[in-house]
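Each step along the sequence shown adds one to the number in full-length UniProt numbering, with nothing skipped, and position 45 is 45.
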Amino acid sequence: MPVKAEAADEEIQKICDEVKCQVEEKRNEAYAVFNAVQYKSQVLQGVNYVIKVHVGGCSYLDLRVWKKLTCHGGEAIVTGMEDHHDKDPIQPFQCDHTLFFCCSLSPSCCLMTCAKRKKNAIKLLQK
Numbered sequence: 001m002p003v004k005a006e007a008a009d010e011e012i013q014k015i016c017d018e019v020k021c022q023v024e025e026k027r028n029e030a031y032a033v034f035n036a037v038q039y040k041s042q043v044l045q046g047v048n049y050v051i052k053v054h055v056g057g058c059s060y061l062d063l064r065v066w067k068k069l070t071c072h073g074g075e076a077i078v079t080g081m082e083d084h085h086d087k088d089p090i091q092p093f094q095c096d097h098t099l100f101f102c103c104s105l106s107p108s109c110c111l112m113t114c115a116k117r118k119k120n121a122i123k124l125l126q127k
């Protein structure tokens, strides 16, 4: 069954606030506006999110964020992002098998092949 998009709440905005610096650094841009609009989530060794963020004007980013379990520090890490989105519904990212969460429309059917490469994905994102 596909994961339904939910309206962003205070908890999702806190996650966005936590990862804003990561996004600004990776995109080499500063955002005066960075408001979570909607999200999808999946529990897998923490929680994986795809979050639509309004970044001002008519511009939106779709962020892929992995939030570690609290027992492992609870840190939120940006694992992917796409721009050129407007108010379109959140769509799954195309999995390039270098990231550990592909936001499959059918997570119950997903073999999570790319989950085996989680450590490599994090190293690539830190470059």
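Where is the CB? At the ideal position from N, CA and C, for every residue including glycine. Quick caveat: nothing in here was measured; it's all calculated off a predicted structure.
Check: Whose C-beta lies closer than 6 Å to the C-beta of residue 83 among residues of the same chain, with five residues either side of it excluded?
Finding: 61
Check: Along the chain, which unbroken stretches of the alpha helix (DSSP H) at least 4 residues long are found entirely within the UniProt domain "Cystatin" (2 to 96)?
Finding: 10 to 27
Margin query: Quick test of the definition: if touching needs 3 or more C-beta pairs under 8 Å, does the segment 40 to 49 touch the segment 21 to 31?
Written below: no
Notebook entry, point to check: How about residue 15 and residue 67: do their beta carbons lie closer than 8 Å?
Noted result: Cβ distance < 8 Å, so residue 15 and residue 67 count as in contact.
Notebook entry, point to check: CB residue 52 to CB residue 90, shorter than 8 Å?
Noted result: yes
Next item on the list: Could you round the C-beta distance between residue 39 and residue 55 to whole angstroms and report it? I think they count as a contact, below 8 Å.
Entry: Not quite, the Cβ-Cβ distance comes to about 15 Å (not below 8 Å), so this is no contact.
Next item on the list: Whole angstroms is fine: what's the gap from residue 74's alpha carbon to residue 58's?
Entry: About 32 Å.
Note to self: Taking the alpha carbon of residue 41 as the reference point, which residue from 33, 22, 21, 63 has its own alpha carbon closest?
What the structure shows: 63
Item checked: Span separating the alpha-carbon of residue 37 from that of residue 71 -> Rounded to the nearest whole angstrom, the C-alpha separation of residue 37 and residue 71 is 28 Å.
Item checked: residue 6 to residue 21 span [Cα, whole Å] -> 24 Å
Notebook entry, point to check: Looking only at its own chain, which residues have a Cβ that is under 7 Å from the Cβ of residue 33, when we skip the five neighbours before and after it?
Noted result: 54, 55, 56
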